[in-house]
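Below you'll find the structure, written out as structure tokens, and then a few comments.
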Amino acid sequence: MAPGLDLDRATGVGADHISRNPGLHPAAGEQAMIAWLLVLGGVSVMACCAVAAAAVGGVVDRLHLLGVTTSVGFPLAALGLIVQRGVSEASAMVVLIAALVLLTAPVMSAATARLTAQEAGVAEADSPP
Numbered sequence: 011m012a013p014g015l016d017l018d019r020a021t022g023v024g025a026d027h028i029s030r031n032p033g034l035h036p037a038a039g040e041q042a043m044i045a046w047l048l049v050l051g052g053v054s055v056m057a058c059c060a061v062a063a064a065a066v067g068g069v070v071d072r073l074h075l076l077g078v079t080t081s082v083g084f085p086l087a088a089l090g091l092i093v094q095r096g097v098s099e100a101s102a103m104v105v106l107i108a109a110l111v112l113l114t115a116p117v118m119s120a121a122t123a124r125l126t127a128q129e130a131g132v133a134e135a136d137s138p139p
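All the letters of the sequence shown, read from the start, carry residue numbers 11 to 139 under our numbering.
Here it is in structure tokens:
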């Protein structure tokens, strides 16, 4: 065996797989399945909302679908990535991005709906929000 290379103990002695960093392993069995199901669920929600947004006509209806995407689809996909990676820098970045999206998406939706209402003449431009 080459110096500095350890056999991966999970595959057994004499296995063909040599691990250069025995401390890092991909998610095992059930954890990987849960991670992929969460990602698949999130992506499915986002894809369904995108198809529905293309089919509906009004801005407000599209904003409702965007709300589902940012409050259900994106967090599911982010949670799946966190489960797959475990505790790591990548997971911390995903948590930070998910928190940013969850905090700012409702504000952007409300601002877009307000501007749409002002343009349609439903709300006055100088009225309080």
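Idealized CB from N, CA, C, for every residue including glycine.
Computed from a predicted model, the values in this text were never measured in an experiment.
Item	Value
Quick test of the definition: if touching needs 3 or more C-beta pairs under 8 Å, does the segment 115 to 130 touch the segment 90 to 105?	no
Within the continuous alpha helix (DSSP H) that includes Ala-65, where are the two ends?	39 to 65
By Cβ distance below 8 Å, which residues in the same chain neighbour Ala-115 in space, the five residues on each side in sequence not counted?	Leu-76, Gly-77, Thr-80 and Ser-81
Could you tell me which of Phe-84, Pro-85 and Cys-58 sits nearest to Arg-72, measuring between CA atoms?	Cys-58
In whole angstroms, what separates the C-alpha of Thr-126 from that of Met-118?	12 Å
I need the DSSP call for Gly-131, collapsed to helix, strand or coil.	coil
Starting from Asp-71, follow the alpha helix (DSSP H) in both directions and report where the run begins and ends.	69 to 78
Where does Val-105 sit, in a helix, a strand or coil, going by DSSP?	helix
Let me know if Gly-52 comes out buried or exposed under the rule of 16 or more other beta-carbons within 10 Å of its beta-carbon.	buried
Are the segment 44 to 51 and the segment 84 to 91 touching by the rule of at least three beta carbon pairs closer than 8 Å?	yes
With burial defined as no fewer than 16 other Cβ atoms inside 10 Å of the residue's Cβ, what is the status of Ala-87: buried or exposed?	buried
Identify, in the order they occur along the chain, each residue of the same chain with its Cβ nearer than 7 Å to the Cβ of Ile-44, setting aside the five sequence neighbours on each side.	Val-93
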